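Notes follow once the structure below has been shown.
Protein chains: 2
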Amino acid sequence: MSKKFVLIITHGDFGIELLKSVEMIMGEQEDAVALGLRLGDSVDDLRSKAEEIIVENQTMSKDIIILVDILGGSPSNIALYMLKKYSNINLITGVNMLILIEIFQSREVVEETDELLEKAIDSSINGTKRYNLN
Amino acid sequence: MSKKFVLIITHGDFGIELLKSVEMIMGEQEDAVALGLRLGDSVDDLRSKAEEIIVENQTMSKDIIILVDILGGSPSNIALYMLKKYSNINLITGVNMLILIEIFQSREVVEETDELLEKAIDSSINGTKRYNLN
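Residue numbers (this note's numbering), protein chains in the order written: chain A, 1212 to 1345; chain S, 1212 to 1345.
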């Protein structure tokens, strides 16, 4: 079964810290990198860095899962560019801790990337809830 | 109409960076604070800090919206403790950029906190999507 490589791209450092927070809970994860676009950063540099990571991991026959914060803005533009340029790339928008935990928990046991992504999105939708005891 | 105060609590610094990333896009936001629990931090200290913020803002008659990463672990335990102890507190799990942007965009125009939270959850569910051009 193909290994599943996770690339997180967000505005600012929030994706980088999200990965660290999940690793605080689950332990260090292989095949996961987070990139952030800070104010004043070059979008071209970020795109090159993302592309380098993708090419390197596709060479090792890994499936690529890109997670971004929102549709719109440079992180998702870079992700969509990669989707058009390379095959076997998947993108989920709306990244949160639920999605990332589900992917890390399930990627060793769920063979199909399609099924894994569906599971991750379900986890997020089911875990995004309101609590009110008033 | 009551002002709506947002308190984000997460494992690690990801909530703190999420708030900064959203402010990078939308500009600085009033009535929003993020707290993080780092490895080795005292949960009691975090709870006290959260409680102080909540009491201070409730004194100013603001509605409190707590956003946490996942249900389970100290951030959500602290939030649930506050829900039991104080009235007019709301909690959403699964925080991401979509939820935060929706709350900041809508909290000045949507009077009812109930309606605002529903809108925020809808935004997250509708914006958590998979894209695949293969």
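The beta-carbon is built from N, C-alpha and C at its ideal position, and this holds for glycine as well. Please read these numbers as outputs of a predicted model, since none were measured by experiment.
Can you check whether the CB of serine 1213 of chain S is closer than 7 Å to the CB of aspartate 1274 of chain S?
yes
For the alpha helix (DSSP H) that contains isoleucine 1281 of chain A, what are its first and last residues?
Element bounds for isoleucine 1281 of chain A: n/a, residue is neither H nor E.
For the ligand MN, is there a heavy atom less than 6 Å away from the beta-carbon of isoleucine 1219 of chain A?
The ligand MN is not part of this structure, which contains no ligands at all.
Under 7 Å by beta carbon: chain S residues contacting asparagine 1268 of chain A:
Correct list: empty, because the minimum Cβ distance to chain S is about 16 Å.
DSSP three-state label for tyrosine 1297 of chain S, please.
coil
Would you say leucine 1328 of chain S reaches chain A, if we count a Cβ-Cβ gap shorter than 7 Å as a contact?
yes
Sort A/Ile1220, A/Gly1226 and A/Met1308 by Cα distance to serine 1259 of chain A and report the nearest one.
A/Ile1220
Along the chain, where does the beta strand (DSSP E) that runs through glycine 1247 of chain S open and close?
1243 to 1248
Counting only beta-carbon separations shorter than 7 Å, does arginine 1318 of chain A have a partner in chain S?
no
Using Cβ-Cβ distances below 7 Å, what residues of the segment 1218 to 1251 of chain A are close to chain S?
Thr1221, His1222, Gly1223, Asp1224, Phe1225, Glu1228, Leu1229, Lys1231, Ser1232, Met1235, Ile1236 and Leu1250
Quick check on DSSP: helix, strand or coil for lysine 1260 of chain S?
helix
Tell me the rounded alpha-carbon separation between aspartate 1280 of chain A and glycine 1226 of chain A.
8 Å
Just to check my reading of the structure: leucine 1338 of chain S and glycine 1305 of chain A have Cβ atoms closer than 8 Å, yes? What is that Cβ distance to the nearest angstrom?
It is worth fixing the name first, because residue 1338 of chain S is glycine in this sequence and not leucine. Indeed, because the Cβ distance is near 5 Å, the residues count as touching under 8 Å.
Checking contacts by CB at 7 Å: is serine 1335 of chain S closer than that to chain A?
yes
Expressed to the nearest angstrom, what Euclidean distance is found between the alpha-carbon atoms of isoleucine 1236 of chain S and leucine 1230 of chain S?
10 Å
Strand pairing of phenylalanine 1315 of chain S, partner residues [DSSP]
Answer by DSSP bridge pairing: none, since phenylalanine 1315 of chain S is not bridged.
Does any C-beta atom of chain S lie closer than 7 Å to the C-beta of asparagine 1288 of chain A?
no
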